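Report on one structure; see the data block that follows.
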Amino acid sequence: MQSTMQREALGVSRILRSAARFGAARPVHVWDGNTIVTTDMQRTAQRAMRLGAALAARGLTAGDRVATLCAATLEHCEAYLGVPSRGFVLHSLNLRMADADIARMLCDCGDRVLILDRDQWERFVALAPALRHSMLDLVLLAGAGPLPESPTAGIEVISYNTFIEAAPLPDVMALTDPPEESAAAICHTGGTTGEPKAVAYSHRSVWLQALSLCLADSLALSRADTALLAVPFYHVNGWGLPYAAVMCGAGLALPGASFRPAVLHRLMTGSKVTLAAGVPTIWGDYFGHLDANDTEVPTTLTRIATGGSVVPERLAERIVRADVALLQAWGMTETSSMSVVGRATPGTRPAAVGHPGPIVELRRSPVEGTANAPGMPGEIQVRGPCVIRHYLDSEVPACDAEGWLPTGDIGVISADGALSLTDRLKDAIKSGGEWIPAPALEDTIRTVDWIEDVAVIARPHERFQERPFAVVVLKSGARFDLDQLCSTLRARVPSWWLPDDWCQVSTLPQTTLGKPDKVRLRAMLAAGQLSDLSLTSSASPKPITS
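Residue numbers (the numbering used here): 781 to 1326.
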């Protein structure tokens, strides 16, 4: 028996239509680098519609990709709405990626248009030669100032505002819905096991994930809220927050390129923010700023949402002490970001992240060598309509035949479904909410001609939660030169990948498979033994700390 209900596609167009019709009362506050500029959601949605219309007039058709290299700006918010609403695919590029990676992603994804923040112009000029054989033929430059000449033939540069203002405002109700299974946005993973992989979110997955953030047991976003998005929009599709906030009619506060504590506090206070979202590092800096200046949190702030890594105990206590609810989220690029959300309770270890929303299911798979008994940890697996089947341009399934995706996280699922995380299988360091892939960093360090071998492990860090700690073996007769090493590495990897601490040893401990024994190294680091202990019987070398 079939239902009697209408079959309408879910997606970004439906969100945009509502905002364009009824968003006049909802404020959008933007930090422009000097002050707070305020507009409203209706005007923002109308500009987004003009962007989509202008791209269509340019000749883009359904499925064409539009890249962004932007911060948390108004133009980026407009692109999140306007690009997918016409059936084009938004491709948000990670500002923290190396230029070579950005150029490769632009080429691999076949982006035709790039929306670019003005402060990224010199960077674009530097990587433009690598785009000569790409499909890119238009750059929309956002921000005030003179229009520079294109750095390469075949790529036209137009002011973003000039481009959209030339397009007439389309009829809101004539804006049709792309097929809900078609791609709405592309994001890349953090590259925990090699080169970042592309994930293409469908309109349906974007809609469902955004809707889940509005549930009472999730972030409880509603029309009564103004949400500060101290989240890079390129970071797992902005955690889905741009769509969720617009969907429910919440106001927005956008910090642009500045996540500095003083700016965030001014924006939160001036915009009467009720919900603020960002990685734990953001909030560690923010509360440190408040304490240093004997300042209280804004009276309107009721909750802070965070993810990317576990909130340090001292920071969690500080947030709760300010009478602000701390919402800890777990998710990944492959699961459309926030999949499990719960209120953090300081003092509970292992900390329960929370319960999964109704659109995902979790199960536990036993870790090798452990029994799959109740209460025993295992690798967490996830499935649902917001979870990938495979990566973009790959036919290799990322999940099993039943849809279960291994996450690489080790945890426990309680009898009532609450998730607690205890460890990670992934050999990576999570610093300030961003992944640093240890294997890729190790491979780069080994290219230094006087280094024989290296193992990189995570060291706990008060501000960033984790930072790389490198244990190196030098070639015979070599001398450790930190300045030369860091100079060499900065030319090859992002500067924030560079290990904070280095320890020189004679040899690395090995597993039975002949690989560096990182379990032992981590234990020795935790015990303080790497500070003055060689891993051989020879004289103990001293660590070298940057």
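Glycine residues also receive a C-beta, built at the ideal position from the N, C-alpha and C atoms.
Bear in mind the structure is a predicted one, so any value in this text is a computation, not a measurement.
{"Query": "Alpha-carbon spacing of L796 relative to V1299, whole angstroms", "Result": "50 Å"}
{"Query": "Spatial distance of H1069 from H1170 (CA atoms)", "Result": "43 Å"}
{"Query": "Whole-angstrom distance between L1021 and A1057, CA atom to CA atom", "Result": "9 Å"}
{"Query": "Closer than 7 Å: R984 CB and nearest the ligand SAH heavy atom", "Result": "This structure lacks the ligand SAH; in fact it carries no ligand of any kind."}
{"Query": "C-alpha distance - F1013 paired with Y860, whole-angstrom precision", "Result": "9 Å"}
{"Query": "V1285 in three-state terms, based on DSSP", "Result": "strand"}
{"Query": "8 Å CB neighbourhood of D820 in its chain, flanking five on each side removed", "Result": "G803, A804, A805, R806, P807 and V808"}
{"Query": "Cβ separation of D881 and M915, assumed to be a contact under 8 Å, to the nearest whole Å", "Result": "D881 to M915, Cβ: 18 Å. No contact."}
{"Query": "Closest residue to P950 among P1126, A837 and W1184 (Cα-Cα distance)", "Result": "A837"}
{"Query": "Exposure of P1240, with buried meaning 16 or more beta-carbon neighbours within 10 Å", "Result": "exposed"}
{"Query": "Nearest-angstrom Cα separation, counted from G1018 out to I1237", "Result": "28 Å"}
{"Query": "Neighbourhood of A1303 by C-beta, 6 Å cutoff - its chain only, sequence neighbours within 5 removed", "Result": "none"}
{"Query": "Rounded straight-line distance, which links the Cα of P864 to that of A954", "Result": "15 Å"}
{"Query": "Best match in P1296, E1214, W1277 and V1273 for proximity to V1253 [C-alpha to C-alpha]", "Result": "P1296"}
{"Query": "Buried versus exposed call for H856 [16 or more other C-beta atoms within 10 Å across all chains shown]", "Result": "buried"}
{"Query": "Counterpart residues of G923 in DSSP-defined beta bridges", "Result": "Beta-bridge pairing links G923 to no other residue."}
{"Query": "Neighbourhood of T1292 by C-beta, 6 Å cutoff - its chain only, sequence neighbours within 5 removed", "Result": "At T1292 the pLDDT is 45, less than 50, meaning the model places this residue with poor confidence; the figure from the coordinates comes in the next sentence. Counting only Cβ-Cβ distances below 6 Å, and skipping sequence neighbours, we find nothing."}
{"Query": "DSSP state of F1101 mapped onto helix, strand, coil", "Result": "Per the sequence shown, residue 1101 should be read as Arg rather than Phe. If DSSP states are grouped into helix, strand and coil, R1101 belongs with the helices."}
{"Query": "Through-space distance from A906 to L1269, alpha-carbon basis", "Result": "19 Å"}
{"Query": "Three or more C-beta pairs below 8 Å linking the segment 1253-1263 and the segment 1223-1234", "Result": "yes"}
{"Query": "Alpha carbon of R1243 to alpha carbon of M781, nearest angstrom", "Result": "57 Å"}
{"Query": "T1187, buried or exposed, once every other Cβ within 10 Å from all chains shown has been counted against 16", "Result": "buried"}
{"Query": "Assigned exposure category for N874 - 16 Cβ within 10 Å defines buried", "Result": "buried"}
{"Query": "L861 in three-state terms, based on DSSP", "Result": "helix"}
{"Query": "Per-residue burial, V1176 [other beta carbons within 10 Å of its own, 16 or more giving buried]", "Result": "exposed"}
{"Query": "Coil, strand or helix - R1143 by DSSP", "Result": "strand"}
{"Query": "Own chain partners of E961 with C-beta closer than 7 Å, once the 5 adjacent residues on each side are dropped", "Result": "S982 and R984"}
{"Query": "Coil, strand or helix - Y981 by DSSP", "Result": "strand"}
{"Query": "Where the alpha helix (DSSP H) containing A836 begins and where it ends", "Result": "M821 to R838"}
{"Query": "Where the alpha helix (DSSP H) containing E1175 begins and where it ends", "Result": "Note, E1175: premise wrong, no alpha helix (DSSP H); not H, not E."}
{"Query": "For F1249, the first and last residue of its enclosing alpha helix (DSSP H)", "Result": "Unbroken run through F1249 is the beta strand (DSSP E), Q1245 to L1254; no alpha helix (DSSP H)."}
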